[in-house]
Each structure stands twice: as structure tokens, then as C-alpha cells.
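Please read the structure below before turning to the comments.
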Ligand SMILES: [Zn+2]
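Residue numbers (the numbering used here): 6 to 173.
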């Protein structure tokens, strides 16, 4: 799997729902996790590797010997707290770029697990931020869409430069 770097049209698409959770789905999630760990990420959404499906992996545990992977199929936010938290966000699709983003501190999501079972779970803090960031990817949104246009343009320009440099 290869991570797509912004700006790229594939990162602006709305991903499709998974109808049936099968071995292909599980295999994609496992490969996504591997790709995320390899790149030292804490979250990855399928469109970032060119698969326009509603699949997300997250692991906010910072201890590498104590992994806590989350595999989310068709994740959907059903409740947001009114209280907000600010985290400095980065993204594997926007390498070396960071910005402070304010998002609800706590969320309730529903999703399907690898057995296809519908689950409901509460997340807070960094995990809540990370999951919101990844669900945004499924709707074609990036963290820079939450900051000022001016800051966003600066970051996108830097990424275009970076892409040109890497092509040489
Ligand atoms: Zn991201």
C-alpha cells in the first residue's frame, strides 16, 4: 500500500459504504494497519491508500510494545460533545505539515467490527480527535479544511513544492 499525498483528487472523494464484511475487508484493514505502523501514524483511512471505502484504522497508544488497534467499518458519529479540545494535527497524506484544530472532546460512534457486528462506543481526548480526523477522510475532508483558508493555502503550496522536489 502506498499513501497518497495531497493535493490529490482521490483525497476529496466521498467513500462508499461496505455492504458485506468479508475476508477482503479484513485483509484491507490488516494491510492498512501495517502501513500505518510502518509510517508511524496513529490513524489511516482507506481513501489515503486509494481505496474509496468507509474503512478506518486507529491506534493512539504511543507505546509500540503495547498496541491497541481499532478497526472501524462504516464508522459514523452519532453524538458530539459541546465541549471542544484543541490538538496539533498531522496527517500521513500531508507529510511534515501540522496545525492546531479544534474538535469536540468526546464522541459516540457506531460502526461494524471485523465480524460485521454493529457496535457503539464512546471515545475522548486524542482518540476522539483522531477518529473524527479519519471519518473526515471518508467524506473527502482533510484537517486543513478546519483551519483558515490562508493557512490551508500555505500548507498546500508547501506540499506542491515537496511533490515537485520528490519527482526530480
Ligand atoms: Zn489524515
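Virtual Cβ for every residue (Gly too), placed ideally from N, Cα, C.
1) Is it true that the CB of residue 78 sits closer than 7 Å to the CB of residue 112?
2) On a Cα-Cα basis, can you pick out the residue from 160, 11, 12, 16 that is closest to residue 105?
3) Quick one: what's got a C-beta closer than 7 Å to residue 127's C-beta in the same chain, skipping five residues either side?
4) Less than 6 Å between C-beta atoms, sequence neighbours within five positions excluded: which residues of the same chain meet that for residue 137?
5) Examine the Cβ distances between the segment 10-23 and the segment 50-67 and report whether three or more of them are shorter than 8 Å.
6) Less than 6 Å separating the Cβ of residue 40 from some heavy atom of ligand 1?
7) Are the CB atoms of residue 97 and residue 8 nearer to each other than 7 Å?
8) For residue 64, count neighbouring C-beta atoms within 10 Å of its own C-beta (all shown protein chains included) and say buried if the count is 16 or more, exposed if not.
9) Would you please state the rounded distance, in angstroms, between the beta carbons of residue 37 and residue 54? I believe it to be under 8 Å.
Taking the definition as stated:
1) Residue numbering aside, residue 112 sits at position 107 when the chain shown is read from its first letter. Residue numbering aside, residue 78 sits at position 73 when the chain shown is read from its first letter. For residue 112 and residue 78, no; Cβs fall outside 7 Å.
2) As a first step, residue 105 must be located in the chain shown, where it is residue number 100. Among 160, 11, 12, 16, the Cα nearest to that of residue 105 belongs to 160.
3) Taking the first residue of the chain shown as position 1, residue 127 is located at position 122. Correct list, in chain order: 111, 113.
4) As a working mapping, residue 137 is identified with position 132 in the chain shown. Counting only Cβ-Cβ distances below 6 Å, and skipping sequence neighbours, we find 108.
5) yes
6) The sequence position of residue 40 within the chain shown is 35, counting from 1. No.
7) Counting from one through the chain shown, the residue named residue 97 turns up at place 92. Counting from one through the chain shown, the residue named residue 8 turns up at place 3. Against a cut-off of 7 Å, the Cβ pair of residue 8 and residue 97 comes out as a contact.
8) As a first step, residue 64 is located in the chain shown; it is residue number 59 there, counting from the start. By the neighbour-count rule (16 or more Cβ atoms within 10 Å), residue 64 is buried.
9) As a first step, residue 37 is located in the chain shown; it is residue number 32 there, counting from the start. As a first step, residue 54 is located in the chain shown; it is residue number 49 there, counting from the start. At roughly 6 Å, the Cβ-Cβ gap stays under 8 Å, so residue 37 and residue 54 are in contact.
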